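Q: Just passing along the structure, written as structure tokens.
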Amino acid sequence: MLSQYYKKDFKILSKLENDMRMVYLDNAATTQKPDVVLAAVKRYYTGDNANPHRGVYELAMRATDVHENARQVIAAFLNAERAEEVIFTRNATEALNLVAYSYGLANLKTDDEIAVAVSEHHSNLVPWQRVAEVTGAKVVYLYPTEQGEYTEEELTSKIGSSTKILAMAHVSNVLGIENPVKLASRLVHQNGGIAVIDCAQSVAHMKVNVRDMDADFVAFSGHKVYGPMGIGVLYGKYELLDAMPPFLSGGDMISHVHESGTTYAKPPRKFEAGTCNLGDEAGLVEAIRYVEAIGLDKIREHETELCKKALEGLNALGRIDIYPSGSDKSGSLISFNIRGVHPHDAATIMDSYGVCVRAGHHCAEPLMERLGIGSCLRASFAIYNDMDDVDIFIRSVEQTRKVMGIGS
Amino acid sequence: MDLKSLYSQIITENSRAAHNRRPVPGATVSLEGNNPTCGDDIVLQVKIENGIIEDLGFIGSGCAISQASASLMIDLIKGKTVEEAKGLVDLYLRMIKGEADEKEYIDRLEDCSALAGVAKVPARVKCAVLAWHTLEDALNQQPD
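Those sequence lines, one after another, are chains U and Y. Following the working numbering, the numbering of the first sequence begins with 1 at its first residue and continues without gaps. Following the working numbering, the numbering of the second sequence begins with 409 at its first residue and continues without gaps.
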């Protein structure tokens with residue numbers, strides 16, 4: 001398996017958790033970081049650190065090169081038409097807020113509709129609720145089937161001439177299924193609206209091709225794709241970015257500032273107020289090279305294999321509820337509950353076996369309400385996980401029942 | 409981590425106990441308590457007459473620790489005066505912080521002392537204190 005070649009690149013995985021082998025299965029929350037990423041951050045600060053775009057000295061030029069090179073690497077990774085379409089943010093949440101507050105506030109008016117998939121992470125849902133409140137626009141929710149799929153019928157019935165914005169994740173952080181973002185983008189474009197696609201959960205697991213999906217805006221976080229925390233990306237079509245007002249304002253985003261007013265820089269700098277996080281941009285570039293060297297297709301194949309094995313194990317135990325039910329799980333995560341055991345108790349007990357899984361509502365409360373549950377467990381896989389991890393995971397689920405006194 | 413002390417029989421059984429899961433007729437205070445990050449959510453109802461806590465009940469859902477601590481708390485507090493209850497809440501919260509004397513809490517908190525193990529699992533402290541903080545707020549809402 002892939003993991004045999006790559007696990008050694010992640011020092012943290014050789015540490016013990018509760019005196020047990022660490023089985024890290026919370027990759028949908030954040031991935032671990034390979035040595036090359038950590039080295040790239042250090043290399044920046046020990047060799048190239050200065051404030052970009054400001055100094056005229058050689059070192060500041062090198063820092064500027066790091067920053068603009070990172071933009072080009074990410075543009076190529078996303079298949080963007082031009083590097084100027086890549087804006088650095090802190091994370092996907094900030095990127096989505098940028099779109100909501102800049103594009104949304106400027107373009108929405110009373111009775112316009114924002115079509116939001118109900119399975120969205122709060123980061124692609126709450127900003128739209130807030131912008132709707134200010135502008136008088138209406139949030140219209142798209143609902144998946146019991147199998148977690150958004151059908152063409154559902155999309156065509158909700159996306160219409162009033163729809164100005166579609167907000168949908170490429171992959172839901174709970175359901176783990178690829179959403180029909182290309183179809184949804186086409187439908188919203190036919191009605192003169194734009195598509196905002198949250199790729200936080202797909203970028204480490206499959207090719208994100210912004211031109212193929214014809215998304216107007218795409219957001220992702222570096223830390224979910226083996227990069228550092230604190231660096232995220234917003235992709236936006238250049239004409240849209242150029243016409244949008246700034247989000248944050250201050251240094252580096254201006255053209256000229258006079259007592260009487262300010263003119264703004266062109267994108268992307270118009271949206272990058274203040275000093276950017278170059279160290280982590282350098283780390284993100286290395287993370288992208290790392291996954292590209294392995295190949296996203298191979299990563300997906302590996303994770304699907306682990307997911308299938310885990311699903312078989314859970315089904316063999318019985319009395320496990322999988323969300324969505326009946327899914328074949330050709331993805332990288334499994335959301336589930338152990339019948340009769342609250343997920344927080346399960347996660348604490350599994351932790352005592354070294355197994356790190358997420359328990360809670362996964363920042364997707366409207367989806368939890370639809371599923372009729374308050375919370376659930378989620379196991380999510382990455383390139384360094386192997387079949388032993390799956391076995392330990394399944395055994396820890398079995399033990400959880402015993403500890404809670406409800407048999408095995 | 410000592411799972412046995414965290415999930416003792418007292419806790420697993422009381423997490424499923426039904427006798428305190430009910431609305432309280434004639435309740436003088438009804439308060440909601442929740443842990444937004446994990447979804448534990450309870451409504452605690454208390455009936456206080458002449459400074460005595462005559463009856464308590466709760467409705468809600470959450471993990472075994474939050475549910476057991478709510479039910480055990482009700483068993484302990486029922487029939488106590490408001491002042492006694494405030495003292496017990498204070499002692500319980502100190503126990504969960506790992507700051508209380510073992511002999512004192514075993515003596516005064518009775519079965520609730522089964523939750524002392526939570527002091528060593530910081531991630532679960534908020535579960536163990538939810539009902540107690542809700543009761544504290546409810547008691548502070550009562551006019552003297």
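Every residue gets a Cβ at the ideal spot worked out from N, C-alpha and C, and that includes glycine. Remember, predicted model here, so these are calculated numbers, not experimental data.
Using 8 Å for Cβ pairs, my map puts U:Phe271 next to U:Leu98. What's the rounded Cβ distance?
A: Here residue 271 of chain U refers to the residue found at position 271 of the first sequence. Here residue 98 of chain U refers to the residue found at position 98 of the first sequence. That pair is a contact at about 6 Å.
Q: Nearest chain U C-beta to Y:Ser469 closer than 7 Å, yes or no?
A: Translated into positions along the second sequence, residue 469 of chain Y becomes position 61. Output row for Y:Ser469: interface = yes.
Q: Going along the chain, which residues of the segment 533 to 544 of chain Y sit with their C-beta nearer than 8 Å to a C-beta in chain U?
A: Listed in sequence order: Cys535.
Q: Can the beta-carbon of U:Pro268 be found less than 7 Å from the beta-carbon of U:Asp242?
A: Looking up residue 268 of chain U in the first sequence gives position 268. Looking up residue 242 of chain U in the first sequence gives position 242. Not closer than 7 Å, so no.
Q: Under DSSP, the alpha helix (DSSP H) around U:Arg62 begins and ends at which residues?
A: Residue 62 of chain U sits at position 62 when you count from the first residue of the first sequence. Unbroken alpha helix (DSSP H) run through U:Arg62: 58 to 78.
Q: Given that a residue counts as buried once 16 or more other Cβ atoms are within 10 Å of its Cβ, and exposed if not, what is Y:Ala426?
A: Walking along the second sequence from the start, residue 426 of chain Y turns up at place 18. Classification for Y:Ala426: exposed.
Q: Quick one: list the residues of chain U neighbouring Y:Val529, beta-carbon separation under 7 Å, in chain order.
A: Taking the first residue of the second sequence as 1, we reach residue 529 of chain Y at position 121. Within chain U, the residues near Y:Val529 are Thr348.
Q: For a contact meaning CB atoms closer than 9 Å, what does Y:Tyr415 contact in chain U?
A: In the second sequence, the residue the question calls residue 415 of chain Y occupies position 7. Per Cβ cutoff of 9 Å: Asp345, Thr348, Ile349, Val403, Met404, Gly405.
Q: What residues in its chain sit with their C-beta under 7 Å from that of U:Tyr150, if we drop five residues either side in the sequence?
A: In the first sequence, counting from the first residue as 1, residue 150 of chain U sits at position 150. Ala117, Leu142, Pro144, Asn179, Pro180.
Q: How about U:Gly230 and U:Arg90: do their beta carbons lie closer than 7 Å?
A: For this step, residue 230 of chain U is matched to residue 230 along the first sequence. For this step, residue 90 of chain U is matched to residue 90 along the first sequence. It is a contact, given that the beta carbons lie within the stated cut-off.
Q: Judging by CA-CA distance, which residue of U:Ile12, U:Asn277, U:Val23, U:His362 is the nearest neighbour of U:Ala50?
A: On the first sequence, residue 50 of chain U is found 50 positions in, with the first residue counted as 1. Checked all of U:Ile12, U:Asn277, U:Val23, U:His362; the closest Cα to U:Ala50 is U:Asn277.
Q: Residues in the segment 368 to 399 of chain U with C-beta within 8 Å of chain Y's C-beta atoms, listed in sequence order?
A: Listed by position along the chain: Met368, Gly374, Ser375.
Q: If distances are taken between C-alpha atoms only, which option among Y:Asn443, Y:Ala508, Y:Pro433, Y:Gly465 comes closest to Y:Ala531?
A: Position 123 of the second sequence, counting from 1, holds the residue named residue 531 of chain Y. Cα-wise, what sits closest to Y:Ala531 is Y:Asn443.
Q: Closer than 9 Å between beta carbons: that is the criterion. Which residues of the segment 454 to 478 of chain Y meet it against chain U?
A: Under the 9 Å Cβ criterion, the segment 454 to 478 of chain Y contributes Ser469, Gly470, Cys471, Ala472, Ile473, Ser474, Gln475.
Q: Nearest by alpha-carbon distance to U:Ser162: which of U:Met22, U:Ala92, U:Lys138 is it?
A: Along the first sequence, read from residue 1 onward, the residue named residue 162 of chain U stands at position 162. Considering only alpha carbons, the answer is U:Lys138.
Q: When the cut-off is 7 Å and only beta carbons count, does U:Ser119 lie next to chain Y?
A: By 1-based counting over the first sequence, the position of residue 119 of chain U is 119. Not closer than 7 Å to any Cβ of chain Y, the Cβ of U:Ser119 fails to qualify, so no.
Q: Assuming contact is defined by CB atoms lying nearer than 7 Å, are U:Val357 and U:Ala379 in contact in what I supplied?
A: The sequence position of residue 357 of chain U within the first sequence is 357, counting from 1. The sequence position of residue 379 of chain U within the first sequence is 379, counting from 1. Result yes, Cβ atoms of U:Val357 and U:Ala379 sit closer than 7 Å.
Q: Does DSSP classify U:His258 as helix, strand or coil?
A: Locating residue 258 of chain U in the first sequence gives position 258, where the first residue counts as 1. Note: U:His258 maps to strand in three-state DSSP.
Q: According to DSSP, is U:Val355 helix, strand or coil?
A: What you label residue 355 of chain U is simply residue 355 of the first sequence in a count that begins at 1. Three-state DSSP puts U:Val355 in a strand.
Q: For the segment 513 to 529 of chain Y, enumerate the residues whose C-beta is nearer than 8 Å to any C-beta of chain A, in chain order.
A: The displayed structure is made up of protein chains U and Y, and chain A is not among them.
Q: Can you have a look at U:Leu16 and say buried or exposed, based on whether 16 or more other CB atoms are within 10 angstroms of its CB?
A: Residue numbering aside, residue 16 of chain U sits at position 16 when the first sequence is read from its first letter. By the neighbour-count rule (16 or more Cβ atoms within 10 Å), U:Leu16 is not buried but exposed.
Q: What is the rounded straight-line gap between the Cα of U:Phe217 and the Cα of U:Lys109?
A: As a working mapping, residue 217 of chain U is identified with position 217 in the first sequence. As a working mapping, residue 109 of chain U is identified with position 109 in the first sequence. The alpha-carbon atoms of U:Phe217 and U:Lys109 are separated by roughly 20 Å.
Q: Cβ atoms of U:Arg300 and U:Met387: under 7 Å apart, would you say?
A: The residue you call residue 387 of chain U lines up with position 387 of the first sequence. The residue you call residue 300 of chain U lines up with position 300 of the first sequence. Not in contact: U:Met387 and U:Arg300 (Cβ atoms no closer than 7 Å).
Q: Quick check on U:His170 - is its C-beta less than 7 Å from some C-beta in chain Y?
A: Taking the first residue of the first sequence as position 1, residue 170 of chain U is located at position 170. No, U:His170 lies away from the interface with chain Y (no Cβ there is under 7 Å from its Cβ).
Q: Going by DSSP, what residue range makes up the beta strand (DSSP E) through U:Ala169?
A: Reading the first sequence from its first residue, position 169 is the one you call residue 169 of chain U. Here the beta strand (DSSP E) through U:Ala169 covers 163 to 169.
Q: Grouping DSSP H, G and I as helix and E and B as strand, with all else coil, what is U:Tyr217?
A: Counted from its first residue, the first sequence places residue 217 of chain U at position 217. Looking at the sequence shown, residue 217 of chain U is not Tyr but Phe. DSSP places U:Phe217 in strand when its eight states are reduced to three.
Q: Roughly how many angstroms separate the alpha carbons of Y:Ser474 and Y:Asp448, rounded to a whole number?
A: Position 66 of the second sequence, counting from 1, holds the residue named residue 474 of chain Y. Position 40 of the second sequence, counting from 1, holds the residue named residue 448 of chain Y. Cα to Cα, the separation comes out at about 7 Å.
Q: For U:Asp351, which of Y:Leu480, Y:Glu421, Y:Val529 has the nearest alpha-carbon?
A: Reading the first sequence from its first residue, position 351 is the one you call residue 351 of chain U. If we check each option's Cα against that of U:Asp351, Y:Val529 comes out closest.
Q: May I ask whether a heavy atom of the ligand MN can be found less than 6 Å away from the beta carbon of U:Asp112?
A: With respect to the ligand MN, the structure offers nothing, as it holds no ligand at all.
Q: The beta strand (DSSP E) that contains U:Ala379, what's its start and end?
A: Taking the first sequence and counting its residues from 1, the one referred to as residue 379 of chain U is at position 379. Run containing U:Ala379: 376 to 380, per the beta strand (DSSP E) assignment.
Q: Give the residues of chain U in contact with Y:Thr420, contact being defined as C-beta atoms less than 7 Å apart.
A: Position 12 of the second sequence, counted from the first residue, corresponds to residue 420 of chain Y. Near Y:Thr420 (Cβ distances below 7 Å), the residues of chain U are Met404, Gly405.
Q: Does the distance from the C-beta atom of U:Glu68 to that of U:Tyr235 stay below 7 Å?
A: Reading the first sequence from its first residue, position 68 is the one you call residue 68 of chain U. Reading the first sequence from its first residue, position 235 is the one you call residue 235 of chain U. No, the pair does not count as a contact, with Cβ atoms beyond the cut-off.
Q: What's the C-alpha gap between U:Asp297 and U:Asp389?
A: For this step, residue 297 of chain U is matched to residue 297 along the first sequence. For this step, residue 389 of chain U is matched to residue 389 along the first sequence. U:Asp297 and U:Asp389: Cα-Cα distance of roughly 21 Å.
Q: Distance, Cα to Cα, Y:Val490 vs U:Lys8?
A: Here residue 490 of chain Y is taken as the residue at index 82 of the second sequence, counted from 1. Here residue 8 of chain U is taken as the residue at index 8 of the first sequence, counted from 1. The alpha-carbon atoms of Y:Val490 and U:Lys8 are separated by roughly 59 Å.
Q: So that I know if they touch, is there some Cβ in chain U lying closer than 7 Å to that of Y:Leu608?
A: No answer is possible for residue 608 of chain Y: the residues shown for chain Y start at 409 and end at 552.
Q: In chain order, which alpha helix (DSSP H) runs of at least 4 residues are fully inside the segment 91 to 159 of chain U?
A: Within the segment 91 to 159 of chain U, the complete alpha helix (DSSP H) runs of at least 4 residues are 92 to 98, 126 to 135, 152 to 158.
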